[in-house]
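Top line first, the protein sequences correspond to chains V and H. Just remember that the working numbering sits 5 ahead of the position in the first sequence, which is counted from 1. Just remember that the working numbering sits 5 ahead of the position in the second sequence, which is counted from 1. Cβ coordinates follow ideal geometry from the N, Cα and C atoms, glycine included. Below is one structure, written out as structure tokens; the observations come after it.
There are 2 protein chains.
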Amino acid sequence: MGITKTESFTEDQIRVSLIAKALGHPARIAIVEYLLSVNTCICGDIVNYLPLAQPTVSQHLKELKNAGIIKGTIEGNSICYCIDPATMELIGGYFIKIASIAHTNNLKCC
Amino acid sequence: MGITKTESFTEDQIRVSLIAKALGHPARIAIVEYLLSVNTCICGDIVNYLPLAQPTVSQHLKELKNAGIIKGTIEGNSICYCIDPATMELIGGYFIKIASIAHTNNLKCC
DNA sequence: AAACTATATCGTAATATTGCAATATTAAAA
DNA sequence: TTTTAATATTGCAATATTACGATATAGTTT
């Protein structure tokens, strides 16, 4: 159905999945990596950098922002974007923790 | 178009995004957390645990397996699933690294 | 072998995502 | 204030995802 039974899951599970989902597209990973290398940039920079049209980039930025992965500050008629380290730390820490527990579990894995 | 311009991105970007995408659904996060708590289990256990039909769970397991997040071993007529720590470590480490670099960058963020 | 158990696959309906042209919005510059 | 610049929004076509009933497949038990 393309619809998710969100009511069946915890707030944390939904939060983590939404962040992961936002990072689940190569263009958005490329945007994050680009942002990381240039520190801050405006939408137009990304449009020049990636082979995607301006509305497409704008949409990807919106999804990254909704997930809390980046934040944008209005500066005149452009918007300065940068990564929000807290969200990346949250998701990274969550997966690392799972990896760590799974690693010890794995001794008696099938 | 619902189609991704994969040819425009690096292998690593695509690999990371595919893992993140697989983790981008609350049911699959719930499956990973469940697997983490019970160490190993079979598909039927998850069907009993989650309010999802057996074909739906089977499909989610397939996606987690394709992304390398879990692995399944045939045991009689059932399949024993468990988490692959390496993939979780890869994705967790990748995000933590980004968080770390972004954290120092952020001193001069907009 | 027949019945049972566990899981995968098929088919399909409902919905979501991706990408972009066209257009709107908002602020700076001339 | 008209033009220019930067970004967002709208609308739409193509495709992907989600969920599940029905069914297939494969091993186990009797």
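Is the CB-CB distance between residue i and residue j below 8 angstroms?
i, j, result
"H/Thr92", "H/Gly73", "yes"
"H/Thr9", "V/His108", "no"
Look at the alpha carbon of residue i and the alpha carbon of residue j, and state the distance between them as a whole number of angstroms.
i, j, result
"V/Gln18", "H/Leu28", "10 angstroms"
"H/Val21", "V/Ala104", "16 angstroms"
"V/Asn82", "H/Ile106", "28 angstroms"
"V/Glu94", "H/Ala25", "15 angstroms"
"V/Gly97", "V/Glu80", "30 angstroms"
"V/Cys115", "H/Cys87", "7 angstroms"
"V/Ile101", "V/Leu23", "17 angstroms"
"H/Gln16", "V/Leu112", "The question names Gln, but residue 16 of chain H is Glu in the sequence shown. So the alpha carbons of these two residues sit roughly 31 angstroms apart."
"V/Tyr39", "H/Asn110", "13 angstroms"
"H/Thr61", "H/Glu68", "11 angstroms"
"H/Val43", "H/Tyr99", "26 angstroms"
"V/Asn71", "V/Phe14", "20 angstroms"
"V/Ile84", "V/Ile34", "19 angstroms"
Quick one: what's residue i bridged to in DSSP?
i, result
"H/Ile84", "H/Ile79"
CB-CB under 7 angstroms to residue i, same chain, minus the five flanking residues each way: which ones, in chain order?
i, result
"H/Asp89", "Gly73, Ile74, Ile75 and Lys76"
"V/Ala32", "Leu55, Leu57 and His65"
"H/Leu41", "Ile88"
"H/Ser63", "Cys48"
By Cβ distance, which residues of its chain are closer than 8 angstroms to residue i, with the 5 residues on each side in sequence left out?
i, result
"H/Gln59", "Cys48, Gly49 and Val52"
"V/Leu66", "Ile36, Cys48, Ile51, Ile75, Gly77 and Tyr86"
Inset, instruction - Give, in chain order, every unbroken run of the beta strand (DSSP E) that is at least 3 residues long and sits entirely within the region 10-60 of chain H. - result: Runs of the beta strand (DSSP E) lying entirely within the region 10-60 of chain H, each at least 3 residues long, are absent.
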